[in-house]
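A quick write-up on the structure given underneath.
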Amino acid sequence: EPEVTQTPSHQVTQMGQEVILRCVPISNHLYFYWYRQILGQKVEFLVSFYNNEISEKSEIFDDQFSVERPDGSNFTLKIRSTKLEDSAMYFCASSILAGSYNEQFFGPGTRLTVL
Amino acid sequence: SQKIEQNSEALNIQEGKTATLTCNYTNYSPAYLQWYRQDPGRGPVFLLLIRENEKEKRKERLKVTFDTTLKQSLFHITASQPADSATYLCALDVASSASKIIFGSGTRLSIRP
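Residue numbers (the numbering used here), protein chains in the order written: chain A, 1 to 115; chain B, 1 to 113.
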């Protein structure tokens, strides 16, 4: 069964460093998403991406964040200058069509630890 | 302000009973509402989607209702099993583009044998 994959599973970085989190969505899906979940808290929407551009973004997704689909398979989230409060689990998801009326498939997540 | 509330942080029930979880929302008008399961350290897994013009949806032992007047969805697991123990999340759409989905904080369900 096709699945969303994410790398790395765990990333440790120093505050102020740039990190890139990688995702490979399911191949025939058109919508891609990033969410984050701080330990013990709820899953928070960051951004949705369709047709090579951002479709929606949340207040969390400020200028420190960017997303890219550099080739036909990868979908990346970049955090330019990490802060302690960026420590969280980051989930990538994809769906065939817009996620509100379609099942979203989530990856296993990348745990980001900022020291 | 806009809110999604899952009004039980934790629910503990006996195996075999029906678990009922609640999702309430305010100041949203979702066209769709979804339920997901999340196990510790894992990503959410889609369970069911219900549209605003549907009152009820079923899938095996799962049943979801959606009352747009009460602004509430109920999620039922019948004949519950210890393997159903997980956190259950409701999610709804909040933008006309249908690609911004907001999750509730979840209800942690424990089924004791």
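Backbone N, C-alpha and C fix where the C-beta goes; we use that ideal spot for every residue, glycine too. Remember, it's a predicted structure, so these values are computed and weren't measured experimentally.
C-alpha distance - residue i paired with residue j, whole-angstrom precision
i: A/S66; j: B/Q81; result: 42 Å
i: A/S73; j: A/S87; result: 26 Å
i: B/D39; j: B/T107; result: 12 Å
i: B/S105; j: A/N28; result: 30 Å
i: B/C23; j: B/K55; result: 15 Å
i: A/E103; j: A/I79; result: 27 Å
i: B/P30; j: A/C23; result: 28 Å
i: A/Y8; j: A/E56; result: For clarity, residue 8 of chain A is Pro in the given sequence; the question names Tyr instead. About 25 Å.
i: B/F75; j: B/L11; result: 13 Å
i: B/T18; j: B/K63; result: 11 Å
i: A/T5; j: A/C92; result: 8 Å
i: B/G43; j: A/L84; result: 22 Å
i: A/T113; j: B/T65; result: 39 Å
i: B/D84; j: A/K42; result: 20 Å
i: A/V47; j: B/A79; result: 37 Å
i: B/S73; j: A/G16; result: 42 Å
i: A/L35; j: A/P108; result: One point to set straight first is that residue 35 of chain A is Tyr, not Leu, in the sequence displayed. About 12 Å.
i: B/E5; j: A/T13; result: 34 Å
i: B/Q34; j: A/Q37; result: 18 Å
i: A/T110; j: A/H10; result: 5 Å
i: B/E15; j: A/V19; result: 44 Å
i: A/T76; j: A/E68; result: 5 Å
i: B/R112; j: B/A86; result: 12 Å
i: B/R51; j: A/L115; result: 43 Å
i: B/Y28; j: A/I60; result: 20 Å
Amino acids of chain D, ordered along the chain, whose beta-carbon sits closer than 9 Å to that of residue i
i: B/R42; result: Protein chains A and B are contained in the structure displayed, whereas chain D is not.
Below-8 Å beta-carbon distance, residue i vs any chain A residue
i: B/A98; result: yes
i: B/L109; result: no
i: B/I50; result: no
i: B/A95; result: yes
i: B/F75; result: no
i: B/F66; result: no
Cutoff 8 Å: residue i Cβ touching any chain B Cβ
i: A/V12; result: no
i: A/K42; result: yes
i: A/Y50; result: yes
i: A/F45; result: yes
As assigned by DSSP and simplified to three states, the class of residue i
i: B/A83; result: helix
i: A/L84; result: helix
i: A/F61; result: coil
i: A/M15; result: coil
i: B/K3; result: strand
i: A/Q6; result: strand
i: A/A98; result: coil
i: A/L115; result: coil
i: A/E1; result: coil
i: A/V47; result: strand
Beta-carbon neighbours of residue i, restricted to chain B and to distances below 7 Å
i: A/E68; result: Residues of chain B passing the Cβ test: none, with the nearest at roughly 17 Å.
i: A/F91; result: G43
i: A/E56; result: A95, S97, S99 and K100
Per-residue contacts from residue i into chain A (C-beta, under 7 Å)
i: B/S105; result: K42
Neighbour list for residue i in chain A, Cβ cutoff strictly below 9 Å
i: B/L89; result: K42 and V43
Practice task
For the segment 12 to 94 of chain B, list the beta strand (DSSP E) runs that are entirely contained and at least 3 residues long, ordered along the chain.
Solution key: If only uninterrupted beta strand (DSSP E) runs of at least 3 residues are considered, those enclosed by the segment 12 to 94 of chain B are 19 to 26, 32 to 38, 45 to 51, 56 to 59, 62 to 67, 72 to 77 and 86 to 93.
Exercise for the section: Note down, one range per segment and in chain order, each alpha helix (DSSP H) of at least 4 residues found wholly within the segment 15 to 39 of chain A. Expected result: none
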